[in-house]
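**Student:**
Number of protein chains: 2
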Amino acid sequence: MTTRLHPNISVDCVIFGFDFEKLNVILVERVLKDPVTGEEIISDFTLTGNHIYVDEHLEDAAKRVLNDLTGLDHIYLEQFYTSEDPARLKSPKDQLWLSKTGKNPEERVISVCYFSLLNCKETPIRKKDRKVGWYPVSNVTNLGFDHSQILAHALHSLQIKIQNEPIGYEMLPQKFTLSQLQKLYEVVFNVEFDKRNFRKKVAKMKYLIPLDEKQKGVSHKPARYYIFSREVYEKTKTDMLNFSV
Amino acid sequence: MTTRLHPNISVDCVIFGFDFEKLNVILVERVLKDPVTGEEIISDFTLTGNHIYVDEHLEDAAKRVLNDLTGLDHIYLEQFYTSEDPARLKSPKDQLWLSKTGKNPEERVISVCYFSLLNCKETPIRKKDRKVGWYPVSNVTNLGFDHSQILAHALHSLQIKIQNEPIGYEMLPQKFTLSQLQKLYEVVFNVEFDKRNFRKKVAKMKYLIPLDEKQKGVSHKPARYYIFSREVYEKTKTDMLNFSV
DNA sequence: CCAAAAGTGTTCAACTTACACCCATGT
DNA sequence: ACATGGGTGTAAGTTGAACACTTTTGG
């Protein structure tokens, strides 16, 4: 394994997180100051990403990015899109940033994009040299590079995927309440559900298993905890079929 | 625009076609003969693809592949996956093929994959130097390179996509019958539908417009023709919502 | 005792499924 | 006349949508 970075191939990670209230995404601040005046020439945000090593699995490169940020392994990771417009890094701002950070702004870079799912509350973010944090997806505007489009793609892919596979549990703690699960679906799709109808719906999902354990220390009727059983899911899943358009 | 091919980036096209009976895919024969004995050292099939030019849009590269094969422009094209395992072209067979066809077998190639949709009956295939043709998807086994996995990915993506957008019409002639439409969905999902229930379902789709025109020259009751109206579709489409797992 | 979220059922409308026969055409 | 696929309706069961009150806890 060589350690040379590939000049033309990168990965970008759209790291989604749920905090029981909103859908969030990890962004990195991108600030460039004029060395003389101290004025901020660039001040915006981007997704997290990296060039790959020339003979590295792209998924491993994405895991590197994730591990650098969170210290975690085994994070849910899904390739969803490859951004490749030859002009995608050609805006004056992006060109300036690339030259000031030691990249060659002439090089074409295609970026294979992954989304990840995390529970914000259980994920410490290691802020290294640059400012990194969770930001509500609904507030995000004008990211650097073409990252706004990548984020839009990612959200759409997440919506499609979560309809067909039980991946939402990746954004919840192991034990969760039905209200938390409902809120998760609500923020992912940006809709509201009726509590009773939602509960009737999930009651049919046999892989959602109620525990004899309730919330403690909450100043209202404590909610029952549930767990997701992948084992039951794999045994009972049935292929979807429903062409709805 | 330079005309140098990028050594590390290619596109592969999974070209699906419907012939009113089966779902087909265009494959290219890959034959390598021993120059002395004439024995066939390699004899299998692959998808169609090509390296990109260094500053070419990947979608344009895919369009080149499609235009070379069919002479057509404006073919439905959808990026669905990027194949990237550093070892994806490392099997002895693939290495042999690469060296015998003037490629450097050491180079890592990542391939951005697109699927296209066509009506077989309206698509002439230009067979140039190599043998190219339509093959039933259900019979395909053991393609060269990692193309079997790419095809499986493509079929899955097609199934997901066709559930959420009316892209099936790309595989039908402009005027089609309801039985043809039904057969299309049946072969894409590999299931059978009840004729009456299918018709009730599509009757709700306002963008399926019946014509005052029927089949001619068929030895049975002639079927009414329908067209797909994109205009009506765009006006009436509603966002899907149904997390079914 | 108050605030806060948990939990629970019924009714009506819409949709899904299963199922069988006559029709228009070419040969 | 016959073979072929086109075209149609109904009843039963299931699912989806709308809607309000009681319960349990902490403060």
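Chains as they are written, first to last, in this note's numbering: chain A, 1 to 245; chain B, 246 to 490.
All residues carry an ideal CB built from backbone N, CA and C; glycine is no exception.
Values in this document were obtained by computation on a predicted structure and should not be read as measured data.
Under the assumption that Q180(A) contacts F20(A) (Cβ atoms under 8 Å), give the Cβ distance between them as a whole number of angstroms.
**Tutor:** The C-beta distance from Q180(A) to F20(A) rounds to 6 Å, short enough to fall under 8 Å.
**Student:** Thinking C-alpha only, which one of Y233(A), K235(A), I209(A), S219(A) is nearest Y225(A)?
**Tutor:** Among Y233(A), K235(A), I209(A), S219(A), the Cα nearest to that of Y225(A) belongs to I209(A).
**Student:** Quick one: does E476(B) have its CB under 7 Å from some CB of chain A?
**Tutor:** no
**Student:** Express the C-alpha separation of F198(A) and R64(A) in angstroms, rounding to a whole number.
**Tutor:** 38 Å
**Student:** For the alpha helix (DSSP H) containing L343(B), list its first residue and its last residue.
**Tutor:** 337 to 345 is the extent of the alpha helix (DSSP H) around L343(B).
**Student:** State the Cα-Cα distance for the pair K131(A) and L32(A), rounded to the nearest angstrom.
**Tutor:** 13 Å
**Student:** Quick one: which chain A residues come within Cβ less than 8 Å of P491(B)?
**Tutor:** Nothing about residue 491(B) can be read from this structure; chain B reaches only from 246 to 490.
**Student:** Run through DSSP, which three-state label would F189(A) get?
**Tutor:** helix
**Student:** In chain order, what residues of the same chain have a beta carbon less than 8 Å from the beta carbon of V490(B), not counting five sequence neighbours either side?
**Tutor:** Note on V490(B): pLDDT 47, under 50, position unreliable in the model; the coordinate value appears next. If we look at V490(B) and ignore the five residues flanking it on each side, it has no Cβ neighbours.
**Student:** Comparing C-alpha positions only, which one of L172(A), N190(A), I160(A) sits nearest to E122(A)?
**Tutor:** L172(A)
**Student:** For Q149(A), return the contacting residues in chain B, with the cut-off set at a CB-CB distance below 7 Å.
**Tutor:** Those within 7 Å of Q149(A) in chain B number zero; the least Cβ separation is about 13 Å.
**Student:** Determine the burial state of A62(A): buried for a count of at least 16 other Cβ atoms within 10 Å of its Cβ, exposed for fewer.
**Tutor:** Buried, since its Cβ has 16 or more Cβ neighbours within 10 Å.
**Student:** Out of Y233(A), F145(A), T238(A), point me to the one whose CA is closest to S43(A)'s CA.
**Tutor:** F145(A)
**Student:** I'd like to check one pair, S328(B) with S361(B): are the Cβ atoms closer than 7 Å?
**Tutor:** no
**Student:** What residue range does the alpha helix (DSSP H) around R230(A) cover?
**Tutor:** 230 to 236
**Student:** Whole angstroms are fine: how far does the CA of H251(B) sit from the CA of T282(B)?
**Tutor:** 35 Å
**Student:** Out of H296(B), G262(B), R371(B), point me to the one whose CA is closest to T315(B)'s CA.
**Tutor:** Residue R371(B) is the option with its Cα nearest to T315(B).
**Student:** Do V299(B) and L396(B) come within 7 Å of each other at the CB atom, strictly closer than that value?
**Tutor:** no
**Student:** Who are the neighbours of I26(A) on chain B, taking C-beta pairs under 9 Å?
**Tutor:** The contacting residues do not exist; I26(A) stays about 22 Å from chain B at best.
**Student:** I need the DSSP call for G294(B), collapsed to helix, strand or coil.
**Tutor:** Residue state, collapsed to three classes: strand.
**Student:** Check whether chain A comes within 7 Å of V256(B), counting only Cβ atoms and requiring the distance to be less than that.
**Tutor:** no
**Student:** Quick check on this structure: which residue in S464(B), S383(B), Q394(B), M450(B) has the alpha carbon closest to the alpha carbon of N435(B)?
**Tutor:** S383(B)
**Student:** Applying a beta-carbon distance threshold of less than 8 Å, which residues of chain A neighbour I405(B)?
**Tutor:** I160, N164
**Student:** Compare the beta carbon distance of Y216(B) and L272(B) with 7 Å and say whether it is the shorter of the two.
**Tutor:** This structure cannot settle anything about residue 216(B), because the visible part of chain B is limited to 246 through 490.
**Student:** Quick check for students: name the residue ranges of the alpha helix (DSSP H) that lie wholly in the region 69 to 134 of chain A, counting only runs of 4 or more.
**Tutor:** Fully enclosed alpha helix (DSSP H) runs of 4 or longer: 92 to 100.
**Student:** Just to confirm the assignment, what range does the alpha helix (DSSP H) spanning F443(B) have?
**Tutor:** 440 to 448
**Student:** Kindly indicate which residue of S255(B), Y321(B), D330(B), L403(B) has the alpha-carbon position closest to the one of E491(B).
**Tutor:** Because residue 491(B) is not part of the residues shown, which for chain B are 246 to 490, the question remains open.
**Student:** Could you please give the first and the last residue of the uninterrupted alpha helix (DSSP H) stretch that includes H156(A)?
**Tutor:** 147 to 164
**Student:** Residues in its own chain within less than 8 Å of I405(B) by CB, not counting five upstream and five downstream?
**Tutor:** none
**Student:** How would you label D339(B), buried or exposed, when you count the other beta carbons within 10 angstroms and need 16 or more for buried?
**Tutor:** Buried, by the Cβ-count rule.
**Student:** Sort out for me which residues DSSP pairs Y471(B) with in a bridge.
**Tutor:** F421(B), P455(B)
**Student:** Counting contacts by CB-CB distance shorter than 7 Å, is T82(A) in contact with chain B?
**Tutor:** yes
**Student:** Taking 6 Å as the limit between beta carbons, can you name the residues of its chain near E458(B), skipping five residues before and five after?
**Tutor:** Annotation for E458(B): Y470 place their beta carbon closer than 6 Å to its own, counting only its chain and skipping 5 residues before and after.
**Student:** For T48(A), which of S99(A), P105(A), H74(A), K128(A) has the nearest alpha-carbon?
**Tutor:** Taking only the C-alpha atoms, the option nearest T48(A) is K128(A).
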